[in-house]
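Here is the structure we will look at.
Chains as they are written, first to last, in our numbering: chain A, 39 to 264; chain B, 4 to 185.
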């Protein structure tokens, strides 16, 4: 039912996005899209191409009672599944700041009191993947958590550093333990927006000089919740 | 910090994926009028449009974790969910309801989609490429996308054979794609 020819597939994807297919063809497409990644990509491309036309349709305020209906129909709150979100893992480097802001908003919602909330997402310098998360917790202060199983080679360690805005030398926040989790010493870092966080590759017991001696392997920046 | 609209939508969807209902509420407050406009345009009736929007937002909540910003914009992801729910509803409804009578909702929303493109983000390019199509292809494509008409509904509306309408749309889509990618 779904053609193999590239041009035919693209035409069908365009017709699906336009909405011109009859009910049976539409259902067949929807079923094929579940497993046909190439077809799904073509559909996404057509959605992007035609999106300005959707934006052009004049907005109309929905009925007042619609939100209560939607809220009442929402499934019971599931356990947060952020780490399973494709968006979280695949968000582009440019989107990292926005993502951190999103997380900050999320944490703010959960905090009992509206304390300033800071978040940083650390990625490899050229990487797209979020590797470490630093977030402020109501009681524990700033906490670093590894999001992947990235571990340094045997005999080496990751060391975390803070570089506040205007500072020229990073301050060590300690060696990241094997579990990838580290509560940051409030005496050594005062949370502030724009503070860079760096992870360098060091000898097992940490940098012998008090400054990074190995390459910076992950980096990010603290942002404050709006 | 200033985030652009796309970043903000991405962040809201990521927060929805994490189960943040307040982010979902914010997404609804921010986007629902735009989406209600789309659904109403396709379905003509307020009750049907509201039902479609409800289905769409429940699906957005449940599928937020599958949104992948590397593959496309949140705007198009959201609008597509709404349009597909409205199109599904239209195909169910049109068996029962005669849609030739323009309803008050329909009449209130008279607008020229091509002209309106000029004010949209990335709209100039699409406007220019649509403008380069044969009139009949452009007309059929816009009727389909904006009003949600199927091949056979367009054929009935402009009293042309079904095969002819299909050919115009195919030709128009192919030309549109090469123009947009040029």
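Glycine is no exception: its CB is placed at the ideal position from the N, C-alpha and C atoms.
Taking residue 227 of chain A as reference, the option from A/215, A/209, A/218 and A/217 with the minimal CA-CA separation is A/209. At a C-beta separation below 8 Å, residue 40 of chain B has these neighbours in chain A: 95, 96, 97 and 98. Ranking A/212, A/218, A/49 and A/216 by CA distance to the CA of residue 224 of chain A puts A/212 first. The Cβ neighbour count for residue 88 of chain B, taken over all protein chains shown within 10 Å, is at least 16; the residue is labelled buried. Closest by C-alpha distance to residue 160 of chain A, out of A/260, A/48, A/55 and A/40, is A/260.
In the displayed model, residue 12 of chain B falls within a helix according to three-state DSSP.
Here residue 181 of chain A is actually not in contact with residue 158 of chain A; their C-beta atoms are around 11 Å apart, not less than 8 Å.
Within the region 101-116 of chain A, the residues whose Cβ lies closer than 9 Å to any Cβ of chain B are, in chain order, 101, 103, 104, 105, 107, 108, 109, 111, 112, 113, 115 and 116.
Contact with chain B is absent for residue 259 of chain A, since none of that chain's Cβ atoms lies less than 8 Å from the residue's Cβ. Rounded to whole angstroms, the separation of the alpha carbons of residue 73 of chain A and residue 179 of chain B is 27 Å. Taking a Cβ-Cβ cut-off of 7 Å, the neighbours of residue 36 of chain B in chain A comprise 97, 98, 99 and 100, given in sequence order.
Of all residues in the region 70-83 of chain B, those with a C-beta nearer than 7 Å to a C-beta of chain A are 70, 71, 72, 73, 74, 75, 76, 78, 79, 82 and 83, reading in chain order. Beta-bridge partners assigned by DSSP to residue 258 of chain A: A/235. Under DSSP, residue 82 of chain A forms no beta bridge with any residue. Around the C-beta of residue 187 of chain A, fewer than 16 other C-beta atoms lie within 10 Å, and the residue is accordingly described as exposed. Contact with chain B is found for residue 60 of chain A, since one of that chain's Cβ atoms lies less than 8 Å from the residue's Cβ. Checking the DSSP bridge columns, you'll see residue 171 of chain A partnered with A/159 and A/183. In the three-state reduction of the DSSP assignment, residue 116 of chain B falls in the helix class, which pools H, G and I.
Annotation: residue 193 of chain A to residue 177 of chain A spans about 33 Å, alpha carbon to alpha carbon. Counting along the chain, the unbroken alpha helix (DSSP H) around residue 24 of chain B starts and ends at 24-46.
The C-beta distance from residue 60 of chain A to residue 154 of chain B rounds to 7 Å, short enough to fall under 8 Å. Taking the C-beta atoms as reference points, residue 52 of chain B is found nearer than 8 Å to residue 39 of chain B. Residues of the region 80-95 of chain A whose Cβ lies closer than 9 Å to any Cβ of chain B, in chain order: 81, 82, 83, 84, 85, 86, 87, 88, 89, 90, 91, 92, 93, 94 and 95. Look at residue 241 of chain A here: in three-state DSSP terms it is strand.
Within chain A, the residues whose beta carbon sits less than 8 Å from that of residue 144 of chain B are 56, listed in sequence order.
With its beta carbon less than 8 Å from one in chain B, residue 53 of chain A belongs to the interface. Here DSSP, grouped into helix, strand and coil, assigns residue 55 of chain A to helix.
Among the residues facing chain A, residue 162 of chain B is not included, as its CB has no counterpart in that chain under 8 Å away. For residue 49 of chain A, the chain B residues whose C-beta falls within less than 9 Å of its own C-beta are 172, 173, 176 and 177, listed in chain order. When beta bridges are read from the DSSP output, residue 146 of chain B appears opposite no residue. Rounded to whole angstroms, the separation of the alpha carbons of residue 82 of chain A and residue 140 of chain B is 22 Å. The C-beta of residue 159 of chain B comes no closer than 8 Å to any C-beta of chain A. Counting the other Cβ atoms within 10 Å of the Cβ of residue 33 of chain B gives fewer than 16, which makes it exposed.
Look at residue 49 of chain B: its C-beta is under 8 Å from a C-beta on chain A. When secondary structure is reduced to three states using DSSP, residue 85 of chain B falls in the helix class. At a C-beta separation below 9 Å, residue 126 of chain B has these neighbours in chain A: 90, 91, 93 and 94.
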